[in-house]
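Comments concern the structure below.
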Amino acid sequence: MITDAMTARLRPVQPGRTTLVSVLDIGSTKMCCIIARLTPRPEGRSLRGRTHEPEVIGFGYGPSKGVKSGVITDLDLAEQSIRSVIGMAEQRAGLTVESIIVNVSSGRLSSEGYSASVSLDGHEVEKADIAKVLRAVNERSIRPERSVIHALPIGFSLDGQKEIHDPKGMVGQTLGIDVAVVSAETLAMRNIELALNRCHVQVEALMATPYASGLATLVDDEARLGVACIDFGGATTTVSVFNDGQLVHADAIAIGGHHVTLDIARQLSISVSDAERIKTFFASVLPGQQDDRDLIPIVPVGAHEDEAPSAITRETLTRIVRPRLEEILTAVRERMQANGMMDVCGGRIVLTGGASELTGLSELARRILARNVRSGRPMGIAGLPELAKTAAFATVTGMLVYPQICHQEYVEPRILPKLTGTDGYFSRVGNWLRSSF
0 MITDAMTARL RPVQPGRTTL VSVLDIGSTK MCCIIARLTP RPEGRSLRGR
50 THEPEVIGFG YGPSKGVKSG VITDLDLAEQ SIRSVIGMAE QRAGLTVESI
100 IVNVSSGRLS SEGYSASVSL DGHEVEKADI AKVLRAVNER SIRPERSVIH
150 ALPIGFSLDG QKEIHDPKGM VGQTLGIDVA VVSAETLAMR NIELALNRCH
200 VQVEALMATP YASGLATLVD DEARLGVACI DFGGATTTVS VFNDGQLVHA
250 DAIAIGGHHV TLDIARQLSI SVSDAERIKT FFASVLPGQQ DDRDLIPIVP
300 VGAHEDEAPS AITRETLTRI VRPRLEEILT AVRERMQANG MMDVCGGRIV
350 LTGGASELTG LSELARRILA RNVRSGRPMG IAGLPELAKT AAFATVTGML
400 VYPQICHQEY VEPRILPKLT GTDGYFSRVG NWLRSSF
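Counted from 1, the sequence shown has number 393 at position 394 by numbering that gives the first Met the number 0; the numbering is strictly sequential.
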């Protein structure tokens, strides 16, 4: 069932109104919190879906502890990391965060498409008819152990005629709808919520990591014509496919850039921190003409200070790094082919995330995926520190766009508790008083 337990509860920002929003990216290698002011912007030719311009007023960034592949593995360590980055952002913004939008990349994140239809009996399509057909999808959409993160209507049909964007006011016999439902395992998301509650912060909404990365890096024409956005994270690689301006597919693979770092550390017998430094400054996935002569100094684990440092060629480093990236890209291609998304994404792939900045990765992706490839960085965000203008911060900046478009999603209406009546708040208080005194 599509319930309001994990689906977006976020109130859309009001047109013409300035508002504040707080977002948190819980990654496997880093955490980042941004507090931003959303200021109304005039309708422009680019980024047409955005009604507001985010301006960063608070920024916090630090290493991630107690998290593995997006899953909370140690609540105490995760709480410390979350408190640290939120505290940094609060100090710079001069305010206190009470609720926050947080990303989800764990819990076997995946998406499925659902269709349903209802009879109109020849009358005009009204809001109640759209709600009725969405409820029909709701009844058949999700398994008990999983919860919905996003439920996005991606197309309506009227009497078999597809590609209708807004059927309200039109006349027909049968109204149909296609919905992209992004879900994950409930327990994984509950642990994220628990870690934030221990920091005295409420979860305002959960957002799928691939959706956020796509919103941050894609331009309007790409999203309309068909594109896939691949986010190379620390321990997970996520994929989102957009078509006709809407998210139609999301997926996650539990392999990321940190696995490349571990490959280097293990094969060269060096520390993980040294392996990360070597990967950042020297690694490439494509061979070069001078690679067999370029030497990279390394310090093996346990080496004494008086020992002469060892060295490897850049060619050796490429032979270590390349197989892991080929594995990730091949897995992405096979999963997209299995879901029929290679045709939907058209001829365009956008790479983002920290590991996407490895030298030569775009060319390797072009060869394996057989598509045009470009690198994607956050767009349309003012006040970002230089550090956060890189592809590694695509997810957290994409979450700043989310409040502007969350009205497109479907969420089951909440049943608010009654204040009066047999099961209302005042009735329960009265029963307690009568039974206790």
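The C-beta atom is built at its ideal place from N, Cα and C for all residues, glycine as well.
- Linking I71 to A227 through their CA atoms gives a straight-line distance of about 28 Å.
- Around N190, the same chain offers V70, I71 and L74 as residues with beta carbons nearer than 8 Å, after the five sequence neighbours per side are excluded.
- For the 8 Å CB-CB criterion, L37 and P384 do not form a contact.
- Three or more Cβ pairs drawn from the stretch 218 to 225 and the stretch 237 to 254 lie within less than 8 Å of each other, which places the two stretches in contact.
- Going by DSSP, T351 is part of the beta strand (DSSP E) stretching over R347 to T351.
- Residue burial is scored here from C-beta neighbours: K126 has fewer than 16 other C-beta atoms within 10 angstroms and is therefore classed as exposed.
- The three-state reading of DSSP puts C344 in coil, since its state is none of H, G, I, E or B.
- With a cutoff of 8 Å on beta-carbon distance, F231 and G353 are scored as near each other.
- Here G121 is exposed. Its C-beta has fewer than 16 other C-beta atoms within 10 Å.
- Under the three-state reduction of DSSP, M188 is assigned to helix.
- When beta bridges are read from the DSSP output, F241 appears opposite V226 and L246.
- Taking a contact as a CB-CB distance under 8 Å, the pair I33 and C198 does not count as one, their CB atoms being some 16 Å apart.
- Put simply, the backbone Cα of R365 is about 8 Å away from that of I348.
- Under the three-state reduction of DSSP output, C32 falls in the strand class.
- Residue burial annotation: K167 is exposed, with fewer than 16 other C-beta atoms found within 10 angstroms of its C-beta.
- Where K64 is concerned, there is no enclosing alpha helix (DSSP H), because DSSP gives it neither an H nor an E.
- Per DSSP, the continuous alpha helix (DSSP H) segment holding H257 begins and ends at G256 to L267.
- Straight-line spacing of the CA atoms in P322 and L267 works out to 16 Å.
- Assigned with DSSP and collapsed to three states, H149 falls in strand.
- Excluding the 5 residues flanking it on each side, I99 has same chain C-beta neighbours closer than 8 Å at S21, V22, L23, C32, I85, L195, V200, Q201, V202 and E203, in chain order.
- Beta-carbon to beta-carbon, D293 and T312 are separated by about 6 Å, close enough to satisfy the 8 Å threshold.
- Under the three-state reduction of DSSP output, D293 falls in the coil class, being neither helix nor strand.
- Put simply, the stretch 103 to 118 touches the stretch 205 to 217. At least three CB pairs are less than 8 Å apart.
- The C-alpha of R332 is placed about 37 Å away from the C-alpha of V298.
- Taking every protein chain shown into account, the CB of T329 has fewer than 16 other CB atoms within 10 angstroms, so this residue is exposed.
- If only complete runs of 3 or more residues are kept, the stretch 89 to 150 shows the beta strand (DSSP E) at 98 to 103 and 109 to 118, in order along the chain.
- Residue environment for A381: exposed (fewer than 16 other C-beta atoms within 10 angstroms of its C-beta).
- The secondary-structure analysis by DSSP pairs V22 across a beta bridge with I33 and I100.
- Taken in chain order, the complete beta strand (DSSP E) segments of 3 residues or longer contained in the stretch 157 to 209 are 160 to 163, 173 to 184 and 201 to 207.
- Counting along the chain, the unbroken alpha helix (DSSP H) around I319 starts and ends at R313 to A337.
- Within the same chain, R376 and P377 come within 7 Å of K388 by CB-CB distance, once the 5 residues on both sides are set aside.
- Rounded to whole angstroms, I153 and S114 show a C-alpha spacing of 10 Å.
- T260 counts as buried, since at least 16 other C-beta atoms from the protein chains shown sit within 10 angstroms of its C-beta.
- With respect to the C-alpha of T28, the residue from A179, G65 and G301 having the closest C-alpha is G65.
- Shown here, S270 sits in coil according to DSSP, grouped into three states, outside any helix or strand.
- When DSSP reads this structure, A387 sits in no beta bridge, so it has no partner.
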